[in-house]
Amino acid sequence: MKFKDWLNDLKYEVLQGSLDEEVDEIVYDSRKAREGAVFVCMKGTKVDSHEFIPAVAKAGSKVFVVEERVPLPQGVTAIYVHNAREALALLSAARFGYPAEKMVTIGVTGTKGKTTTTHMIKAVLEACGKKVGMIGTTGIVIGETVTPTKNTTPESYELHEAFKSMVKAGCQYMVMEVSSQAYKMHRVAGITFDYGLFTNISPDHIGPDEHADFEEYLFYKSRIFHTCKKGIMNQDDAHFEEVTKDAACELYSFSMDREGTDFKAENIHFVSQPDFVGIEFDVKGRYNLSVRVNIPGRFNVANALAAVSVLSFLDLPKDRICHGLEHLSVNGRMEIVHTSDKCTVIVDYAHNAISMESLLSTLRDYHPKRLVCVFGCGGNRAKDRRYSMGDSAGRLADFTIITADNSRFEKTEDIIADIRGSIVKTGGEFIEIPDRREAIRYSMEHAKPGDMIAIIGKGHEDYQEMNGVRHHFSDREEVLEAAKDLNL
Ligand SMILES: CC(=O)N[C@H]1[C@@H](OP(=O)(O)OP(=O)(O)OC[C@H]2O[C@@H](n3ccc(=O)[nH]c3=O)[C@H](O)[C@@H]2O)O[C@H](CO)[C@@H](O)[C@@H]1O[C@H](C)C(=O)N[C@@H](C)C(=O)N[C@H](CCC(=O)O)C(=O)O
Ligand SMILES: Nc1ncnc2c1ncn2[C@@H]1O[C@H](COP(=O)(O)OP(=O)(O)OP(=O)(O)O)[C@@H](O)[C@H]1O
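Residue numbering for the sequence shown is 1 to 488, as defined by UniProt numbering.
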């Protein structure tokens, strides 16, 4: 392959050398440099990789993409681009043969609900017999193979590499979470999604290395409607107008409250039976369907409605859509891990006060005998979360068991003390059991008939991090084991 064969979509200036140089790979980490690899230099958040050019040339790479006019070794080819991350995305698409264009692509953005909604879409498509690739917080999923990723939306090179593997595995559909950071860092540059879904937006990811303020966060999240053919937005979101005002796609909306929306949820019921805990509602408008979804909570009505809105365009059999939604498994997101006459145990990933509030409030819709909350907070992270989550649990749960989350390098006792301070002020009942395994077991052993137990904070995680070491730990496994031992 000649370097020039990958340059079709790029705007660039040749600084030196020949574009006929033979290449077979693209790297953006100097430690992977080798002969035949194009090295894309970028000013990162910590490192400026232009500084590695001499070492990379020594390792054999002869082609460079730069976004700074830095001194270059003799005998190499170099092009200048305005933005190296964008160039990396466009080069990667070409390097892998534009695999995204060979699938129906669905991008999902939003502050909350991305993982849940992508899982719902995947589950339904699979129930319809389709092959689906998925990318998001839970990794790159192709068939039974799950490859963990550092980011919710991986770097563009990894994305196109994954798309190629999906196409090779026969996937007809690709559904992925697209973070605002991904738009800011051009990880999805050049991709036009067939469908772009926006779940909701509220202040989050604002701070050093993320977004300067809410305005910037909203700007990048709204990019989805500039990079998709059909866009679908939650009309109940307070920022609907701002997000959609200059959308460059065909735009549709969904809502639980508003008339005149394209997809409306009506007759919403929260169902709690020994063999089924979840939601039921009717979709009305451009598409009409009655669905049962086996994960609880009002916000999952919004997530399922969002999923159905996209799925309605895909010409799928309605009975299979219903089947898919009724038999979902979304690891660690409002996941009903155990249900019996005695109690229902839910594992959820809510790890800030807003998520915890909406989770505990919506579980009230099921009128549990008692709502019991088991949670802790991460160490070496903002302390605010401990105070606000303690306050929410104290106000909204009938009984709280404060325990360890990922204490990292902090003492679990100190984190618990911070949570205790705020829970005490609410007058809510609580106990402290620092060992998470014991805390889960205690909650189930002391359950009263009709209790709902929400085990919060770690969701799908399969580890607990203490003193820099990650030990295997899964809330789900602990619940199942306790249920077996306790004969629940
Ligand atoms: C702050 C931030 O966003 N950083 C992201 C960024 O890292 P970076 O490129 O700036 O890192 P850097 O260390 O300065 O390196 C710059 C360049 O030097 C290169 N390098 C570095 C060292 C060396 O020896 N040689 C070398 O060539 C690096 O490969 C890189 O090309 O680009 C990397 C590759 O894409 C990302 O993995 C990394 O995400 C970090 C891990 C991160 O935590 N990001 C968060 C903010 C994020 O993106 N979150 C979103 C949202 C999640 C959500 O919604 O919940 C996500 O999509 O994950
Ligand atoms: N539509 C929603 N509105 C509000 N809260 C939600 C919604 N969907 C899920 N949640 C809550 O947020 C948590 C995270 O949900 P999910 O993983 O689906 O969202 P996400 O957008 O992928 O979030 P994150 O970026 O934190 O991984 C869930 O465990 C649940 O408590």
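Backbone N, C-alpha and C define an ideal beta-carbon position, used for all residues, glycine too.
Contact check, residue i vs residue j, beta carbons under 8 Å
| i | j | result |
| --- | --- | --- |
| Thr-138 | Thr-199 | no |
| Ala-89 | Asn-8 | no |
| Leu-371 | Asp-398 | yes |
| Gly-394 | Ile-423 | yes |
| Lys-131 | Gly-170 | yes |
| Gly-428 | Thr-400 | yes |
| Glu-13 | Tyr-80 | yes |
| Lys-264 | Glu-250 | no |
| Val-178 | Val-293 | no |
| Val-23 | Met-1 | yes |
| Val-282 | Glu-259 | For the record, residue 282 in the displayed sequence is Asp; it is not Val. Contact flag unset, no. |
| Val-175 | Ile-268 | no |
| Leu-289 | Val-271 | no |
| Tyr-349 | His-460 | yes |
| Pro-274 | Ser-329 | no |
| Arg-437 | Glu-465 | no |
| Gly-136 | Lys-114 | yes |
| Val-277 | Ile-206 | no |
| Tyr-195 | Val-310 | yes |
| Gly-376 | Gly-457 | yes |
| Ile-191 | Lys-221 | no |
| Asn-467 | Phe-430 | no |
| Leu-159 | Ala-87 | no |
| Thr-153 | Val-188 | yes |
| Tyr-386 | Asp-418 | Note that residue 386 corresponds to Arg in the displayed sequence, not to Tyr. Yes. |
| Leu-316 | Glu-357 | no |
| Leu-218 | Glu-241 | no |
| Gln-181 | Glu-210 | yes |
| Leu-359 | Gly-297 | yes |
| Glu-21 | Thr-77 | yes |
| Asp-236 | Val-347 | no |
Residues bridged to residue i (per DSSP)
| i | result |
| --- | --- |
| Val-81 | Per DSSP, none; premise fails for Val-81. |
| Asp-282 | Glu-266 and Ser-290 |
| Gly-107 | Met-176 and Gly-196 |
| Asn-234 | Phe-254 |
| Thr-147 | Ile-140 |
| Asp-418 | None; Asp-418 has no bridge partner. |
| Cys-373 | Thr-400 and Ala-454 |
| Cys-228 | Phe-193 |
| Ser-272 | Val-277 |
| Ile-206 | His-211 |
| Ala-37 | Glu-25 |
| Phe-240 | Paired residue(s): none; Phe-240 is not in a bridge. |
| Gly-378 | Gly-378 pairs with nothing; no bridge assigned. |
| Lys-43 | Asp-48 |
| Glu-429 | According to DSSP, Glu-429 bridges with nothing at all. |
| Cys-343 | Asp-451 |
| residue 491 | Past the edges of the chain, shown from 1 to 488, lies residue 491, and the structure says nothing about it. |
Whole-angstrom C-beta distance between residue j and residue i, which should lie under 8 Å
| i | j | result |
| --- | --- | --- |
| Asn-406 | Gly-378 | 5 Å |
| Cys-343 | Met-444 | 7 Å |
| Lys-112 | Ser-355 | 7 Å |
| Ser-312 | Arg-333 | In fact, because the Cβ distance is near 23 Å, the residues do not count as touching under 8 Å. |
| Ala-57 | Pro-73 | 5 Å |
| Asp-462 | His-472 | 6 Å |
| Leu-19 | Phe-3 | 5 Å |
| Glu-35 | Gly-17 | Contact doesn't hold; Cβ gap of about 15 Å is too wide. |
| Arg-320 | Ala-127 | 5 Å |
| Met-166 | Gly-133 | 3 Å |
| Ser-92 | Tyr-157 | 4 Å |
Does the structure place the stretch 63-71 close enough to the stretch 39-47 that three or more beta carbon pairs sit under 8 Å? Cβ pair count under 8 Å is three or more, so yes.
Within the chosen definition, does the stretch 159-173 reach the stretch 140-148 through at least 3 CB pairs nearer than 8 Å? Segments in contact, yes.
Does the stretch 355-372 come close enough to the stretch 450-460 to have 3 or more Cβ pairs within less than 8 Å? Counting Cβ pairs under 8 Å, three or more are found: they touch.
Is it a yes or a no for the stretch 114-129 touching the stretch 216-229, going by three-plus beta-carbon pairs under 8 Å? With the cut-off at 8 Å, the stretch 114-129 and the stretch 216-229 do not touch.
Measuring CB atoms only, is the stretch 296-304 touching the stretch 253-269, in the sense that at least three cross pairs come out at less than 8 Å? Contact between the stretch 296-304 and the stretch 253-269 is present, because at least three Cβ pairs lie under 8 Å.
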